[in-house]
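Numbering (the numbering used here), first residue to last: 1148 to 1390.
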Amino acid sequence: MIYGKHPVLEALKEEVPIEKIMLLQGTHGELEKSLRETCRERSIPLQQVPREVLFKLAKGNNHQGIAAIISPVEYQDLGGLLPFILSQPTVPLFILLDRVTDVRNLGAIARSAELLGVDAIVLSAKNRARIDEEAIKASAGALLKLAVCRENSLSAAIDLLHKEGIKIAAADSHTGMPIREVDFTQPCALLLGSEDEGVHPSLLEKSDYRFRIPQLGTLDSFNVSVAAGIALYEIYNQRYKTN
């Protein structure tokens, strides 16, 4: 955590990885405008908060109306990362997470992703779990090894992947085909949705496949991190022909 105008602006200037910036409610003028533009360009969430929140974060010190949470990971730009991934001899594999807000689920997904050959995890800039010590612990350190991309728009990220011939397979427990019917031997990205609502309908419309994991019980669906592990293992089996 850093606070005060100069430290936060210096961190932005030096391109220190920042998880989130919090600005005092009602702040206007050049500072607010400049911060908003920079945060939009770098996909950094910017939130206006009450004075009490900043006072607590700064532990009573002079916060000057601004604070920032430093990220333990350095986020990658999906557009810049794609040429490197596509140049590798392995078949590309991505995970897109739509509004997954629980840090333990994020960590567990990352752990399975690192074990089963995912090239990068793509997150939205807003409405998602923060990558912090708890998330890294839940991932067993996988979040420090994987490429993690933070994008302003998952819809735009899907368009970018489509341009490179990467298919999108979205989890849809209601109308999806059984997961084994999806051809995962081709370049693809798994699209997984929020713990409560699943994948947003607008993103489902952009997917090439919708899949479900067959089940015997009566509960609505698998936990998102469990679903990720099952889906990734299905991909591993298809690509490496294991028994």
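The C-beta atom is built at its ideal place from N, Cα and C for all residues, glycine as well.
Helix, strand or coil: which one does DSSP assign to residue i?
i, result
"P1230", "helix"
"Y1222", "coil"
"P1348", "helix"
"I1315", "strand"
"A1289", "helix"
"V1269", "strand"
"F1358", "strand"
"F1241", "strand"
"I1149", "strand"
In the DSSP assignment, find the alpha helix (DSSP H) that holds residue i and state where it starts and stops.
i, result
"Q1194", "Segment 1193-1196 is the beta strand (DSSP E) holding Q1194; no alpha helix (DSSP H) there."
"E1298", "Careful: E1298 lies outside any alpha helix (DSSP H), inside the beta strand (DSSP E) at 1294-1298."
"A1215", "Segment 1213-1217 is the beta strand (DSSP E) holding A1215; no alpha helix (DSSP H) there."
"K1152", "1152-1160"
"K1388", "First-last for K1388: undefined, no H or E at that position."
"S1302", "1301-1310"
"I1256", "1250-1262"
"L1178", "1177-1189"
Return the Cβ separation of residue i and residue j in integer angstroms, given the expectation that the two are a contact with Cβ distance under 8 Å.
i, j, result
"E1179", "V1247", "Their Cβ separation, rounded to whole angstroms, is 29 Å, which puts E1179 and V1247 out of contact at 8 Å."
"S1372", "A1317", "About 17 Å; that fails the 8 Å criterion."
"V1155", "A1215", "5 Å"
"S1271", "D1245", "7 Å"
"R1297", "Y1387", "With a Cβ gap of about 30 Å, R1297 and Y1387 do not count as contacting."
Can you tell me which of the options puts its alpha carbon nearest to the alpha carbon of residue i?
i, options, result
"G1376", "I1326, L1351, L1171", "I1326"
"E1280", "V1220, Q1194, G1227", "V1220"
"H1321", "V1295, A1303, R1297, L1351", "L1351"
"K1292", "R1275, D1306, A1304, R1258", "R1258"
"N1144", "G1345, R1275, I1382", "The requested residue 1144 is not part of the displayed model; the chain covers only 1148 to 1390."
"V1163", "V1329, R1189, E1177, G1173", "R1189"
"I1382", "A1255, L1156, F1331", "F1331"
"I1213", "P1197, G1227, L1225, G1226", "P1197"
"F1205", "C1296, M1169, P1348, K1273", "Looking at the sequence provided, one finds Ala at residue 1205 rather than Phe. Among C1296, M1169, P1348, K1273, the Cα nearest to that of A1205 is on M1169."
"A1276", "G1340, V1329, L1159", "G1340"
"A1362", "Q1195, Q1172, M1324, Q1385", "A small correction: the amino acid at residue 1362 is Gln; Ala does not occupy that position in the sequence shown. For Q1362, the nearest C-alpha among the options comes from M1324."
"A1304", "I1191, H1347, L1225, I1217", "L1225"
"A1392", "E1166, H1153, E1161", "Nothing about residue 1392 can be read from this structure; the chain reaches only from 1148 to 1390."
"A1287", "Q1172, L1262, L1301", "L1262"
Within a Cβ cutoff of 6 Å, which residues of the same chain sit near residue i, ignoring the five residues on either side of it in sequence?
i, result
"A1336", "F1241, L1243, L1308, I1313, I1315"
"R1251", "A1285"
"H1210", "Y1150, L1201"
"S1368", "S1320"
"N1274", "R1246"
Whose C-beta lies closer than 7 Å to the C-beta of residue i among residues of the same chain, with five residues either side of it excluded?
i, result
"E1311", "L1229, L1233"
"E1239", "It should be pointed out that residue 1239 corresponds to Pro in this sequence rather than to Glu. Cβ within range, chain order: I1232, L1233, D1266, I1313, P1334."
"L1193", "I1168, L1170, L1182, R1183, C1186"
"P1329", "First, the amino acid is wrong: residue 1329 is Val here, not Pro. Taken in chain order, the residues that qualify are A1316, Y1356, F1358."
From which residue to which residue does the beta strand (DSSP E) around residue i run?
i, result
"I1168", "1165-1171"
"A1336", "1335-1339"
Spatial neighbours of residue i within its chain, please: CB distance less than 8 Å, with the 5 preceding and 5 following residues excluded, ordered by chain position.
i, result
"A1260", "I1242, I1268, A1289, L1293, A1375, L1379"
"T1185", "L1159, I1191"
"D1306", "K1353"
"K1152", "L1178, Q1211, G1212, I1213"
"I1217", "M1148, I1149, A1158, V1163, P1164, I1165, E1166"
"Q1195", "M1169, L1170, L1171, Q1172, G1173, T1174"
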